[in-house]
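Presented below is the structure to which this report refers.
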Amino acid sequence: MWLPVSLNRPLVWVALMALPACVWIPGAALRMVAASFVTLGLWDAWNQVRQQRLRLRLSQDALGLSGDAVVISDVQNRVLAVNPAFTEITGYESQEMIGRKLDTLAAQRHDKAFYENFWSTLKATGRWEGEMWNRRKHGDEYPEWLKVRAVTDKRGKITHFISWFSDISAQKARENDLRRIGYEDPLTGLPNRRRLHDLMASRLRHLRAGESLDMALIDIDGLKSVNDSLGVEQGDRLLARFAQRLTSYMAGSVVGRLGGDEFMVIRTTTFDDHDKWLGNLRDHMCRPFEINEQSLRLGLTIGSCRAPEDGQDSSVLFQRLESALYSAKRLGRNHSLRFCPALDKQDNPQLALVSDLRAALISGDQLELHYQTQHHPGSGELVGMEALLRWRHPKGGMISPGEFIPLAERHGLMAELGSWVIEKACAQQAHWQNSGMPKTTVWVNISALQLFQGDLETQLATCLERYQ
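Note that the working numbering has the sequence shown beginning at 262, numbered continuously upward.
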């Protein structure tokens, strides 16, 4: 039978077994001592077995409750055991997988070199961790975050592998959404300014002998009048239709939207027909659009350049395209102008404003944060403050964020501007708390470009810690 026993140590369960014929020593006291030795030995043995069983059951319960899939496999990669989370993620029941190789799950996303590196790393270091694509029972592929550990015997020989993995499909979907925000125009789905910079740089790097890049920055004339007469919704329809026609006509080329009524085209060509190409492009895009049962004929103002003749750096070429477009606008609507060095010498108010914004960031005394209270819609209770950026230009007065924020995004100043806002907002919140004001939430507006800096989270944490 089992009895609880405590001998100045944690309570244990022991088995008492009657062995009347196994020991005989004259004298009752000695007889009892001898019997105690035998019984205690049995107690320890049975207690160890019971503890092992308890640990095994706890381990099994823990694996069953784990949100990560767990797989135990042998050195031939054959499955020995899986937990319920494995079935939930892959669709395979335990009895379907035991005895089968884990290769059953392999997707066609990785090449031979990937798996060779996986096995060589695992055997050399005893561990591997990373992203891997696998296939569910019904055929759909999914990404997982996988950790594998090798189990060795006393001689160091690998006997088993234990794998843990989690389905990261939702995480990847969120990353793709953020990537779309950072790289795609939400209305048309075309590459935005940031993405166009990357695509232009890529095309420049891959230019072969005898090839050139033709680039055009296109401004739709009179879009505001369309919005005023037909409404913003119809104006957006026109922009979407314009994007579709431009993409179809320039198949194989890069087509993007910089924002508002500005579009960009980049084509790789072996022909020296820049002006003819622009003329054909204009003729095609100026054909009437049918919007809301009305026929709309657009005018286009175009600035253009050609690489490598007009430059070989994407940032320089972007500036030269904008300079050419601005100069074309000065000539009136429906004009085209190719960049030439003389345009760099002309006054460009936008470029001057960018220069002033750089100076404002350095001095720090022209930029201001205005705080707007935010209240609960039901109770009216104060729930926080929104920090709104303002620029008090020494000559131009208050400049609207709608004017200088797009310039900051275009000319690579958004990261620095965003850092300034975060720093000042944290400092102001700390000042309010040190002055005895109740603790409150402060909201700051973050540009989509800042989400892809890579250090935004670190910057926020550092700033908050500094002003705690």
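Don't be surprised by glycine CBs; every beta carbon is placed ideally from N, CA and C.
- DSSP places H421 in the uninterrupted beta strand (DSSP E) bounded by 419-428.
- Note on the segment 511-553: whole beta strand (DSSP E) runs with a minimum of 3 residues are 515-520, 523-530, 550-552, in chain order.
- Short of 8 Å from the beta carbon of D497, and not among the five residues preceding or following it, lie these beta carbons of its own chain, in chain order: L448.
- Under the DSSP assignment, H458 falls outside any beta strand (DSSP E), being part of the alpha helix (DSSP H) whose first and last residues are 454-466.
- For the pair T562 and S680, the Cα-to-Cα distance works out to about 36 Å.
- D626 carries a coil assignment under DSSP once its states are collapsed to helix, strand and coil.
- Within the DSSP secondary-structure output, G645 pairs in a beta bridge with Q635.
- Collapsing the DSSP output to three states places R339 in a strand.
- DSSP places P345 inside the alpha helix (DSSP H), whose first and last residues are 345-351.
- Counting other Cβ atoms within 10 Å of its Cβ, F375 stays below 16 and is therefore classed as exposed.
- By the Cβ test, the segment 410-424 is not in contact with the segment 433-444, since fewer than three Cβ pairs between them sit closer than 8 Å.
- Around the beta carbon of L366, 16 or more other beta carbons lie within 10 angstroms, which makes this residue buried.
- In the structure shown, T702 falls within a coil segment according to DSSP collapsed to helix, strand and coil.
- Assigned with DSSP and collapsed to three states, K433 falls in helix.
- Taking 8 Å as the cut-off, the Cβ atoms of H654 and F579 do not count as close.
- The alpha carbon of A669 has as its nearest neighbour, out of S696, Q689, Q711, the alpha carbon of Q711.
- Here I359 carries a coil assignment [DSSP, helix/strand/coil].
- Apart from sequence neighbours up to five positions away, the residues of its chain that approach R506 with a beta-carbon distance below 7 Å are M546, ordered along the chain.
- Of the candidates G328, L363, N344, L363 places its Cα closest to the Cα of S334.
- Ranked by how close their Cα comes to the Cα of M476, the residues D626, S427, M698, L598 have L598 in first place.
- Look at the beta carbons and you see the segment 474-492 touching the segment 557-574: at least three pairs across the two are nearer than 8 Å.
- The C-beta separation of V515 from F524 comes to about 11 Å, leaving the pair out of contact by the 8 Å criterion.
- Contact between D329 and W425 holds, with the beta-carbon distance rounding to 5 Å and staying under 8 Å.
- As DSSP reads the structure, M675 sits in no beta bridge.
- With a minimum length of 3 residues, the unbroken runs of beta strand (DSSP E) contained wholly in the segment 387-417 fall at 388-396, 402-413.
- Burial check for P699: the Cβ neighbour count within 10 Å stays below 16, so the residue is exposed.
- When the Cα atoms are used, V340 and T719 turn out to be separated by approximately 41 Å.
- Note on geometry: alpha-carbon atoms of R651 and I660 lie some 7 Å from one another.
- Measuring C-alpha to C-alpha distances from E357 to each of N344, H596, Q369 identifies N344 as the nearest.
- Straight-line spacing of the CA atoms in L500 and I552 works out to 11 Å.
- In this model, H535 and C601 are separated by some 14 Å (Cα to Cα).
- Taking all protein chains shown into account, T351 has 16 or more neighbouring C-beta atoms within 10 Å of its C-beta and is therefore buried.
- C-alpha of L622 to C-alpha of R370: approximately 46 Å in a straight line.
- Annotated three-state conformation of A368 is coil, per DSSP.
- Separation of the CB atoms of L460 and P452 is rounded to 6 Å, and the pair is thereby assigned contact status at 8 Å.
- As the crow flies, the alpha-carbon of G521 is around 59 Å from that of I359.
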